[in-house]
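To keep things clear, I will list the structure first and then write my remarks on it.
Number of protein chains: 2
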Amino acid sequence: MKDQIRILGIDDGPFKFNQKSVLVIGVIMRIPTYIEGICRTRVSVDGKDANKILENIIKKSNYKDQIRLIMLDGVALGGFNVVDIEKLYHATEIPVTTITRTEPDLQMIKNTLKNHFSDWAARWKIINNLELVKVLTNYNPIYIKYIGISKSEVQRLIKLSTIRGVLPEPIRVAHLIATAMVKGESSGRA
Amino acid sequence: MKDQIRILGIDDGPFKFNQKSVLVIGVIMRIPTYIEGICRTRVSVDGKDANKILENIIKKSNYKDQIRLIMLDGVALGGFNVVDIEKLYHATEIPVTTITRTEPDLQMIKNTLKNHFSDWAARWKIINNLELVKVLTNYNPIYIKYIGISKSEVQRLIKLSTIRGVLPEPIRVAHLIATAMVKGESSGRA
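What follows is the structure, encoded as structure tokens:
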């Protein structure tokens with residue numbers, strides 16, 4: 000019998016900094032590629048509502064009890080609306096991982112936060128929380144943080160859900176949908 | 000070497016008849032399930048612009064030369080904005096098929112057209128054009144019309160692109176995306 004693993008991938012669409020909010024898309028996929036559900040929401044640009052909004056869409060999902068892992072493209076949505084994945088894990092009881100294709104320049108992020116946010120220390124604490132782990136793939140490495148799941152299991156799920164390149168399908172498809180909705184079209188090509 | 004077949008699936012989102020236009024989503028899939036591109040557009044509810052708008056999005060697609068087949072969920076978008084697939088085929092030079100899960104009640108459609116459209120005869124002619132073919136699947140039969148492709152080839156492509164149930168992935172996913180964008184969420188469950 001097949002191991003029916005469902006992963007929720009989340010990504011935001013492109014936006015300009017004069018926008019108040021940004022489109023966020025969630026894709027529930029039975030890995031490797033079968034889409035079972037899609038949802039949309041919005042979070043504020045540079046706001047602080049990302050955790051609460053993600054919590055809400057996850058809690059009301061038909062698939063909540065079957066989601067094995069939540070994958071986020073990066074550590075924040077809508078600019079610096081940072082996602083506290085430890086808090087998200089405890090609120091939803093679903094393991095969470097962030098995935099980025101480039102190693103975050105933490106010093107630059109810290110400086111940017113300091114220059115733009117009076118509450119920079121709180122945001123920085125969330126971003127800098129948990130160890131950043133470099134994961135080798137057949138192509139370029141990716142960088143992840145994770146909670147509620149072992150390192151070997153999160154790596155296994157990432158591998159099982161990746162078809163081409165380095166991005167797992169749930170966040171690759173969430174990205175394609177969010178981009179198409181904002182720009183009119185999107186393609187997997189660079 | 001794998002046969003890399005790309006299919007464009009098109010479906011509209013839910014709408015109310017007091018709306019002027021309806022969201023239409025196109026999904027380019029490398030069958031059976033790999034999404035390569037997504038686009039969105041709108042057509043008018045009960046209007047006559049569906050052909051022209053589909054032509055435009057197809058002609059400007061990066062994947063135009065690689066699309067083997069265009070699949071439409073039904074014979075019209077946005078109510079009775081009927082798609083003349085023969086015309087679409089000649090304009091794009093890409094074979095087209097319509098797919099429906101229930102056998103259309105042609106007499107009821109004709110009556111509805113007569114009651115609501117002064118140009119009912121022109122719309123009816125397009126809807127009633129081409130033979131409707133019943134295709135058996137492992138589940139329920141589906142009903143198709145097609146142009147620019149042989150019956151055996153269109154049946155082969157439908158079968159190759161169907162994972163669960165009877166709807167091929169390109170139109171199943173286009174439907175999920177369009178529904179989620181309008182309603183906030185969508186799921187493959189009945």
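So the sequences go chain by chain: A and B.
Anchor point for the first sequence: position 70 equals 69 in numbering that gives the first Met the number 0, and the numbering is continuous, going up by one each time.
Anchor point for the second sequence: position 10 equals 9 in numbering that gives the first Met the number 0, and the numbering is continuous, going up by one each time.
Note that the Cβ used here is the ideal one computed from N, Cα and C, for glycine as well.
Residue pairing for Met-28 of chain A: DSSP places it in a beta bridge opposite A:Ile-6 and A:Ile-34.
Cβ neighbours of Thr-97 of chain B within its own chain (closer than 7 Å, five residues either side excluded): Leu-71, Gly-73, Val-74, Ile-84, Ile-143 and Lys-144. Just so you know, the alpha carbons of Ile-30 of chain B and Gln-3 of chain B end up roughly 7 Å apart. In the three-state scheme derived from DSSP, where H, G and I count as helix and E and B as strand, Asp-72 of chain A is classed as strand. DSSP places Lys-133 of chain A in the strand class (E or B) of the three-state scheme. With fewer than 16 other Cβ atoms from the protein chains shown falling within 10 Å of its own Cβ, Tyr-138 of chain B counts as exposed. The three-state reading of DSSP puts Leu-112 of chain B in helix, counting H, G and I together. Shown here, Ile-93 of chain A sits in coil according to DSSP, grouped into three states, outside any helix or strand. When Cβ pairs closer than 8 Å are counted between the two stretches, the region 172–180 of chain B is seen to touch the region 11–23 of chain B, the count reaching three or more. Closest in C-alpha terms to Asp-64 of chain A, from the list A:Thr-40, A:Gly-36, A:His-89 and A:Ile-93, comes A:Ile-93. Residue pairing by DSSP places Asp-11 of chain B opposite B:Val-23 in a beta bridge.
For Gly-187 of chain B, a Cβ of chain A is located within less than 8 Å of the residue's own Cβ. In the structure shown, the three-state DSSP call for Glu-184 of chain B is strand.
According to the DSSP assignment, Ile-143 of chain B belongs to the beta strand (DSSP E) that extends over 141–146. The contact set of Thr-32 of chain B on chain A, defined by CB atoms closer than 7 Å, consists of Thr-32 and Tyr-33 in chain order.
At a cut-off of 8 Å between beta-carbon atoms, Arg-39 of chain B makes contact with chain A. Closer than 7 Å at the C-beta level to chain B, one finds these residues of the region 175–186 of chain A: Leu-175, Ile-176, Ala-179, Met-180, Gly-183, Glu-184, Ser-185 and Ser-186.
In the three-state scheme derived from DSSP, where H, G and I count as helix and E and B as strand, Ser-151 of chain B is classed as helix. Excluding five sequence positions before and after Gly-77 of chain A, the CB atoms of its chain that fall closer than 8 Å to its own CB belong to Asp-11, Phe-14, Ser-20, Val-21, Val-23, Val-42, Ser-43, Val-44, Asp-45, Gly-46 and Ala-49, given in chain order. Remark: C-beta atoms of Tyr-88 of chain B and Gly-25 of chain B do not approach each other more closely than 8 Å. At a C-beta separation below 8 Å, Ile-162 of chain A has these neighbours in chain B: Tyr-33. In terms of Cβ geometry, Thr-40 of chain A and Ile-56 of chain A form a close pair [threshold 8 Å].
At a cut-off of 8 Å between C-beta atoms, Gly-12 of chain B does not count as an interface residue with respect to chain A.
If the five residues before and after Lys-59 of chain A are omitted, its C-beta is found closer than 8 Å to no C-beta atom of its own chain.
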